[in-house]
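J.:
Residue numbers (this note's numbering), protein chains in the order written: chain A, 3 to 266; chain B, 38 to 279.
1. So, with DSSP's three-state summary, where would you put residue 132 of chain B?
2. Can you pull the chain B residues whose beta carbon is under 9 angstroms from the beta carbon of residue 262 of chain A, in chain order?
3. Give the straight-line distance between the Cα atoms of residue 100 of chain B and residue 26 of chain A, rounded to the nearest whole angstrom.
4. Closer than 6 angstroms by C-beta to residue 125 of chain A: which residues in its own chain qualify, once you throw out the five before and the five after it? Chain order, please.
5. If you draw a straight line from the C-alpha of residue 129 of chain A to the C-alpha of residue 184 of chain A, how long is it?
6. Look up residue 324 of chain B in the DSSP assignment and give the residues it is bridged to.
7. Report yes or no: is there a C-beta of chain B within less than 8 angstroms of the C-beta of residue 146 of chain A?
8. Short of 8 angstroms in beta carbon distance, which residues of its chain neighbour residue 73 of chain B, apart from the five on each side in sequence? Order them along the chain.
9. Can you name the residues of chain A whose CB is closer than 9 angstroms to the CB of residue 126 of chain B?
10. Give the range of the beta strand (DSSP E) segment to which residue 253 of chain B is assigned.
11. According to DSSP, simplified to helix, strand and coil, what is residue 80 of chain B?
12. Does any C-beta atom of chain A lie closer than 8 angstroms to the C-beta of residue 104 of chain B?
13. So that I know if they touch, is there some Cβ in chain B lying closer than 8 angstroms to that of residue 150 of chain A?
14. Can residue 23 of chain A and residue 198 of chain A be called in contact, C-beta distance under 8 angstroms?
15. Can you find a CB in chain E that lies within less than 8 angstroms of the CB of residue 139 of chain B?
16. Within the 8 angstroms Cβ cut-off, does residue 153 of chain B reach chain A?
17. With distances taken Cα to Cα, identify the nearest neighbour of residue 164 of chain A among B:97, B:62, B:107 and B:268.
18. Residues of chain B with a CB under 9 angstroms from the CB of residue 24 of chain A: which are they?
19. Considering just the uninterrupted stretch of the alpha helix (DSSP H) at residue 104 of chain B, what are its terminal residues?
20. What residues in the segment 201–213 of chain A bring their beta carbon closer than 7 angstroms to a beta carbon of chain B?
21. What does a CB cutoff of less than 8 angstroms around residue 182 of chain A pick up in its chain, not counting 5 residues either side in sequence?
22. Looking at chain A, is there any beta carbon in it that lies within less than 8 angstroms of the beta carbon of residue 108 of chain B?
23. Can you tell me which of the three DSSP states residue 224 of chain A falls into?
24. Would you be able to state if there are at least three C-beta pairs under 8 angstroms between the segment 248–261 of chain A and the segment 88–95 of chain B?
25. Is the segment 205–215 of chain A touching the segment 138–148 of chain B, taking contact as three or more C-beta pairs under 8 angstroms?
26. In chain B, what lies closer than 8 angstroms to residue 216 of chain A by C-beta?
27. Tell me the start and end of each unbroken alpha helix (DSSP H) in the segment 170–207 of chain A that is at least 4 residues and wholly inside, in chain order.
28. Across which residues does DSSP place residue 264 of chain B in a beta bridge pair?
29. Looking only at its own chain, which residues have a Cβ that is under 7 angstroms from the Cβ of residue 241 of chain B, when we skip the five neighbours before and after it?
30. So what does DSSP say about residue 58 of chain B, is it helix, strand or coil?
31. With DSSP collapsed to three states, give me the class of residue 139 of chain B.
32. Does residue 70 of chain A pass the burial test, meaning 16 or more other C-beta atoms within 10 Å, or should it be called exposed?
33. Within 10 angstroms of its Cβ, does residue 3 of chain A collect 16 or more other Cβ (buried), or is it exposed?
34. Could you please give the first and the last residue of the uninterrupted alpha helix (DSSP H) stretch that includes residue 216 of chain B?
35. Smallest Cα separation from residue 160 of chain B: which of B:77, B:181, B:146 and B:171?
36. Would residue 191 of chain B pass as a contact of residue 223 of chain B if the rule is Cβ separation under 8 angstroms?
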């Protein structure tokens, strides 16, 4: 399997995607942002189809759209009471835009499918490097702001009264999330990438009670899903994103059962 | 620090003449929007004080605290802090539900100094363990905070607020939801820190706790404020003042 260069590329890219998603996911879950993450995936789809329309690489379109919109959506949905409505409206608008750009572009339907559901074939070495650099940026920035980010994510009231700049932390985190969404969408696709950014972390919190341990476990769940998904996809020729979604859902269900029968 | 001599009549301390004020509030008016809730309030907090802020709901206790912390802009008057005053604050409400994932130890550790690296140094580990010990949390430090009792949660909030060695601790109704034993356990811990020099502002409606632990009071009423040594705090006569 690894004799094929595209599978090697997919494994390297998948590994970085899993590490970034596992790490960022812990904060997505702690900050209650899975729904926003889902919306960013739809915005990423619009960005990618805009890129196809404009003749850019899909990744650039995704990064542009997700970074711009994450700040706007983040600011608009600060009030919890209107967060869901704002996110639904933005998500509907961007799905519509995505469809418009696709229909305006001359590309075939297969490019739409690969944006929406990901594709492991045809990840070039150049794209792998792009992913590695973007992942490194996310990892380094997260390490630098780790302490205030952790405080603000796991105890926002305590963080605010201690003088942590909550708004600044929130903006930086949304930008990191937008980058992670764009990175993760390369393999699992725009529509399914929120799986890697939410389920591994949501599962990890049932098994451990420390942030560092949660991150390690979340990255592990994310790696297992990605590697096994790539392998099963290679064996069966079924979509990799299907296997990743299935594996992560099974891990999450097991975490819930573990919580129910062993902890309570 | 702002050292000044206070006439003996303004303090209940018999031995100290030289008193160091760490917080001086002068003619403070504060509230929300253009609606003042606390009007023309003057008081100070001295080193080692246990100042009880007492009053019914709605008289502006939390408004005052938010202004002291800089979370709410003041309308007029001044608040002077001693140089480099570190304040620890235990807010009245925290969104910690049953599914809250962090252990008590990890929750306390959130308030480590905000340095640009993720790992915890040996010195920081020692500070966390010391604080857990001083707040009687060592034996349950690995339990998820979400599953802790009300009293254990309040002690965890206290430990987090004290982790960076503040000189002033503000407790906002921290005992309100606790049963009697837990109230005393929490305040005994606070009193031990106060004996080693910590100043405390304790917001409460509880007259008995106020007189047992406080040395001075600041009483807020809809008609204005009064203050003095704790033995002059009037006993509540109406229901609800307790």
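Just so you know, even glycine gets a beta-carbon here, dropped at the ideal spot from N, CA and C.
For clarity, every value in this text was computed on a predicted model and none was experimentally measured.
T.: Based on what the coordinates show:
1. coil
2. Under the 9 angstroms cutoff, chain B gives no residues; its nearest Cβ is about 12 angstroms from residue 262 of chain A.
3. 36 angstroms
4. 11, 12 and 15
5. Their Cα atoms are separated by approximately 12 angstroms.
6. In the structure as shown, chain B begins at 38 and stops at 279. Residue 324 of chain B is therefore absent and cannot be evaluated.
7. yes
8. 66, 67 and 112
9. 160, 163 and 164
10. In the DSSP annotation of this structure, the continuous segment of the beta strand (DSSP E) that includes residue 253 of chain B starts and ends at 253–258.
11. strand
12. For residue 104 of chain B, the answer is no, since every Cβ of chain A falls outside 8 angstroms of its Cβ.
13. yes
14. yes
15. Chain labels in this structure do not include chain E; the protein chains are A and B.
16. yes
17. If we check each option's Cα against that of residue 164 of chain A, B:107 comes out closest.
18. Within 9 angstroms Cβ-Cβ: nothing; residue 24 of chain A doesn't reach chain B, min ~15 angstroms.
19. 98–105
20. Cβ contacts with chain B come from 207, 211, 212 and 213.
21. 22, 23, 26, 140 and 199
22. yes
23. helix
24. no
25. The segment 205–215 of chain A, when compared against the segment 138–148 of chain B, does touch it at the 8 angstroms Cβ threshold.
26. Near residue 216 of chain A (Cβ distances below 8 angstroms), the residues of chain B are 138.
27. For the segment 170–207 of chain A, the full-length alpha helix (DSSP H) segments reaching 4 residues or more read 195–206 along the chain.
28. B:255
29. Around residue 241 of chain B: 89, 91, 210, 212 and 247.
30. strand
31. coil
32. exposed
33. exposed
34. Neither: residue 216 of chain B is in no alpha helix (DSSP H) and is coded neither H nor E.
35. The alpha carbon of residue 160 of chain B has as its nearest neighbour, out of B:77, B:181, B:146 and B:171, the alpha carbon of B:146.
36. yes
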